[in-house]
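K.L.:
Protein chains in written order, with our numbering: chain H, 1 to 267; chain Y, 1 to 267. Could you have a look at this structure, given as structure tokens, before my questions?
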DNA sequence: CAGTGGTCTAGACCACCAA
DNA sequence: TGGTGGTCTAGACCACTGC
């Protein structure tokens, strides 16, 4: 194990073949000590990424994992605590710990921050406008950590609330993980697109970064959203990441904010 | 204590006079069980709110608190863990646990999400345009949990980056906590406004909610930000809260997003 | 060196759930 | 009833800070 020798009475040190290597770099600072629970967390994360447990599955109990990794339950618990805090996993007392999924009712549309100014959310009508294979432009490639001209899938869709087109989204997905994505499959699917990505391509979006601006509607966006050219619109550039911070989606959204607003919590 | 009797060998149960009352309401559900560490968290929170420890101060060590509340260090630790996760408190190994403050370099401008599209943040030039005592309109009163016509302080200011006016903010503050706030005091202060509120009025903002829209510049905002009327601007309505979710500020911001964007992280 | 937070363990018991 | 996560304790040792 990394940490030399703790554990008071008797503890068979054994598992975890790879103790963290000390970062003997240029500086003498940063001894690069990694606590046990962090190493456990990384191991669990890797199992998640490799699909050993899929979204919605139960993962082994804390006792089982403690046995597998040869550490105490408390250490596993702390590792899972952090994974739960990152929304990668969901604990349910009496039942077990589950791999988080965008398909769950309560978590659903977690990344959609637009909501009506008044009243409760209503279901969105979705229409896929377009779905085609293209080559990545320079900036799309950069944002998705690809090379220019690499194959990507481009999707354009419109979301409407109560018949009112409100959101226009242009989506770029890396070609190889999303091989075989078609307009028909996208159109026939109910439920959140991210849940569809999980079940069909094994790609789980874990977190995202957004950049938001106010811009005037261009001719194209004005037409698709049914506003006059020049109408103020919210533009949202989102990059979504899977496990280990690998970018897997670029999404440029254009939102009408006449009847809706983007909500955010600061802390 | 609430929980009947745990603690294996010997533990003098003693402190914490107020065990949580069971919510014997209409339904038989929700036994309203509150774990010990939650009760400790509430006690610490109350001490923070009452100013027993002020922003920047060290709070007593985990051992001290464990003694004071007659619980184990682990229980205090879990309470403080949650307070740290909420950014109410900052832990520093070897030194102690400190009350979080907006005055800290690293935490500074935690609520300002606008940043330049390229390059690093530069210092903002601030100008207080106006500061006056007014009576709360109906909607201002509602958002601040006041009554209509209650006294409030109104502040208007403009932030500029590299000489370019970029942010216009209208701020409403409840009258009594902010008694004595003047344009002069605000203008002469360096540093974040929220740090000023902490040191001068003992009001610490701990979290906030924002509603964001894209709108066209009105005549007034256009003039103050130096854009043409009709120019698209980001509007941000923020409500900030102190401890225990008491609203203490309403802020309506108008941002130019030509060279800047509002950043957000989803998870 | 002493004091603080940070890690790790072991064990007991509680609350919740499903069979 | 047995299994799972949740709480609580006690004690040992580590890492960091400052005197």
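Virtual Cβ for every residue (Gly too), placed ideally from N, Cα, C.
#1: Residue 268(Y) versus chain H: which residues are under 7 Å apart at the beta carbon?
#2: Looking only at its chain, what residues have a beta carbon closer than 8 Å to the beta carbon of residue 192(Y), apart from the 5 residues adjacent to it on each side?
#3: Buried or exposed: which applies to residue 140(Y), given that a residue is buried once 16 or more other Cβ atoms fall within 10 Å of its Cβ?
#4: Who are the Cβ neighbours of residue 216(H) in its own chain at under 6 Å, not counting the five residues just before and after it?
#5: Output, in sequence order along the chain, the residues in the stretch 198 to 216 of chain Y whose CB is closer than 8 Å to any CB in chain H.
#6: Which residue comes first and which comes last in the alpha helix (DSSP H) that contains residue 42(H)?
#7: Which of helix, strand or coil does DSSP assign to residue 244(Y)?
#8: Taking the C-alpha atoms as reference points, what is the distance between residue 30(H) and residue 38(H)?
#9: Measuring only the C-alpha atoms, how far is residue 58(H) from residue 94(H)?
#10: Of the residues 170(H), 163(H) and 175(H), which one's Cα is nearest the Cα of residue 146(H)?
#11: Under 8 Å by Cβ, that's how I've got residue 117(Y) and residue 261(Y) pegged, so tell me the actual separation to the nearest angstrom.
#12: Let me check understanding here. Comparing Cα to Cα, which of 158(Y), 267(Y) and 133(Y) lies closest to residue 125(Y)?
#13: Kindly list the residues whose CB is nearer than 7 Å to the CB of residue 77(H), restricted to its own chain and excluding five residues on each side of it in sequence; keep chain order.
#14: Any beta carbon of chain H sitting closer than 7 Å to that of residue 241(Y)?
#15: Per DSSP, which one or two residues make a beta bridge with residue 217(H)?
#16: Could you list which residues in chain H have their beta carbon closer than 7 Å to that of residue 232(Y), in chain order?
#17: Which of the three DSSP states, helix, strand or coil, is assigned to residue 63(Y)?
#18: Looking at the C-beta of residue 263(H), does it have a partner C-beta in chain Y at a distance below 7 Å?
#19: Helix, strand or coil for residue 256(H) per DSSP?
#20: In chain H, which residues lie with their C-beta within 7 Å of the C-beta of residue 86(Y)?
#21: Which residues, taken in chain order from the stretch 74 to 105 of chain H, show a beta carbon closer than 7 Å to some beta carbon of chain Y?
#22: Pick out whichever of 208(H), 90(H) and 115(H) has its Cα sitting closest to the Cα of residue 106(H).
#23: If you pair each beta-carbon of the stretch 64 to 75 of chain H with each one of the stretch 33 to 52 of chain H, do three or more pairs fall below 8 Å?
#24: Cutting at 8 Å between CB atoms, please list the residues of its own chain near residue 219(H), excluding the five before and the five after it.
#25: On the criterion of 16 or more Cβ atoms from any shown chain inside 10 Å, does residue 142(Y) qualify as buried, or is it exposed?
#26: Classify residue 180(Y) as helix, strand or coil using the three-state DSSP reduction.
#27: Determine the extent of the beta strand (DSSP E) in which residue 124(Y) is found, giving its start and end residues.
#28: Evaluate residue 197(Y) with the Cβ neighbour count: other Cβ atoms within 10 Å of its Cβ, from every protein chain shown; 16 or more gives buried, anything less gives exposed.
#29: Does DSSP put residue 236(Y) in a helix, a strand or coil?
#30: With residue 75(H) as the anchor, note down where its alpha helix (DSSP H) starts and where it stops.
#31: In the DSSP assignment, what residue or residues form a beta bridge with residue 210(Y)?
#32: Considering only residues of the same chain and omitting the five flanking positions on each side of residue 51(Y), which have a CB-CB separation below 7 Å?
#33: Anything in chain Y within Cβ reach of residue 257(H), meaning under 7 Å, just list it in chain order.
#34: With DSSP as the reference, please indicate the residues paired to residue 58(H) in a beta bridge.
#35: So, at 7 Å on beta carbons, what are the nonlocal neighbours of residue 177(H) in its own chain, with the 5 sequence-adjacent residues on each side left out?
#36: DSSP beta-bridge partners for residue 147(H)?
P.N.:
So, to answer that:
#1: The structure shown does not extend to residue 268(Y), since chain Y is modelled only from 1 to 267, so the question has no answer here.
#2: In the second chain, the residue the question calls residue 192(Y) occupies position 192. Excluding its 5 nearest sequence neighbours in each direction, residue 192(Y) has C-beta neighbours in its own chain below 8 Å: 102, 103, 108 and 109, listed in chain order.
#3: Numbered from 1 along the second chain, position 140 holds the residue referred to as residue 140(Y). Under this definition residue 140(Y) is a buried residue.
#4: For the purposes of this step, residue 216(H) is taken as residue 216 along the first chain, with counting starting at 1. Same-chain partners within the cutoff: 230.
#5: 206, 207, 208, 209, 210, 211, 212, 213, 214, 215 and 216
#6: Start at 1 with the first residue of the first chain, and residue 42(H) comes out as number 42. First-last of the alpha helix (DSSP H) with residue 42(H): 36 to 49.
#7: In the second chain, residue 244(Y) corresponds to position 244, counting from 1. It is helical.
#8: Here the question's residue 30(H) lines up with position 30 in the first chain. Here the question's residue 38(H) lines up with position 38 in the first chain. With a pLDDT of only 43 at residue 30(H), under 50, the local geometry of the prediction cannot be trusted, and no value is derived from it.
#9: As a working note, residue 58(H) is residue 58 in the first chain. As a working note, residue 94(H) is residue 94 in the first chain. Roughly 12 Å between the two C-alpha positions.
#10: Taking the first residue of the first chain as 1, we reach residue 146(H) at position 146. If we check each option's Cα against that of residue 146(H), 175(H) comes out closest.
#11: On the second chain, residue 117(Y) is found 117 positions in, with the first residue counted as 1. On the second chain, residue 261(Y) is found 261 positions in, with the first residue counted as 1. Between residue 261(Y) and residue 117(Y) the Cβ distance is about 6 Å, and since that is below 8 Å, they are a contact.
#12: Here residue 125(Y) is taken as the residue at index 125 of the second chain, counted from 1. Minimum Cα distance to residue 125(Y) is reached at 158(Y).
#13: The count along the first chain starts at 1 and reaches residue 77(H) at position 77. Correct list, in chain order: 62.
#14: Position 241 of the second chain, counting from 1, holds the residue named residue 241(Y). Chain H, which has no Cβ nearer than 7 Å to the Cβ of residue 241(Y), makes this no.
#15: Translated into the one-based positions of the first chain, residue 217(H) becomes position 217. DSSP output for residue 217(H) lists no bridge partner at all.
#16: In the second chain, residue 232(Y) corresponds to position 232, counting from 1. Going along chain H in sequence order, the residues near residue 232(Y) (Cβ under 7 Å) are 214, 215, 216 and 232.
#17: Within the second chain, residue 63(Y) is the residue found at index 63, counting from 1. Residue state, collapsed to three classes: helix.
#18: Against the first chain, residue 263(H) aligns to sequence position 263. Yes, residue 263(H) counts as interfacial toward chain Y.
#19: Numbered from its first residue, the first chain carries residue 256(H) at position 256. In this structure, residue 256(H) counts as coil in the three-state DSSP scheme.
#20: For this step, residue 86(Y) is matched to residue 86 along the second chain. Within 7 Å Cβ-Cβ: 267.
#21: For the stretch 74 to 105 of chain H, the set of positions with a beta-carbon nearer than 7 Å to some beta-carbon of chain Y reads 86 and 87 in chain order.
#22: Within the first chain, residue 106(H) is the residue found at index 106, counting from 1. Comparing Cα-Cα distances from residue 106(H) to each of 208(H), 90(H) and 115(H), the minimum goes to 90(H).
#23: Touching, yes.
#24: Reading the first chain from its first residue, position 219 is the one you call residue 219(H). So the list reads 229, once near-sequence residues are dropped.
#25: For the purposes of this step, residue 142(Y) is taken as residue 142 along the second chain, with counting starting at 1. Residue 142(Y) should be labelled exposed.
#26: Here residue 180(Y) refers to the residue found at position 180 when the second chain is read from its first residue. If DSSP states are grouped into helix, strand and coil, residue 180(Y) belongs with coil.
#27: Reading the second chain from its first residue, position 124 is the one you call residue 124(Y). Where residue 124(Y) is concerned, the enclosing beta strand (DSSP E) stretches over 124 to 135.
#28: Along the second chain, read from residue 1 onward, the residue named residue 197(Y) stands at position 197. So residue 197(Y) ends up on the buried side.
#29: Here the question's residue 236(Y) lines up with position 236 in the second chain. Residue 236(Y) falls in the strand class under three-state DSSP.
#30: Start at 1 with the first residue of the first chain, and residue 75(H) comes out as number 75. Unbroken alpha helix (DSSP H) run through residue 75(H): 73 to 85.
#31: Reading the second chain from its first residue, position 210 is the one you call residue 210(Y). In DSSP, residue 210(Y) forms a bridge with 264(H) and 238(Y).
#32: For the purposes of this step, residue 51(Y) is identified with residue 51 of the second chain, where counting begins at 1. Once the five neighbours on either side are set aside, the close Cβ partners of residue 51(Y) are 202.
#33: Here residue 257(H) refers to the residue found at position 257 when the first chain is read from its first residue. Ordered by position in chain Y, the residues that pass the 7 Å Cβ test against residue 257(H) are 213 and 214.
#34: Locating residue 58(H) in the first chain gives position 58, counting from the first residue. BP columns for residue 58(H) point to 98(H).
#35: Within the first chain, numbered from 1, the residue matching residue 177(H) stands at position 177. Closer than 7 Å at the Cβ level, and outside the excluded window around residue 177(H), lie 201, 203 and 248.
#36: Walking along the first chain from the start, residue 147(H) turns up at place 147. Residue 147(H) is not bridged to any residue.
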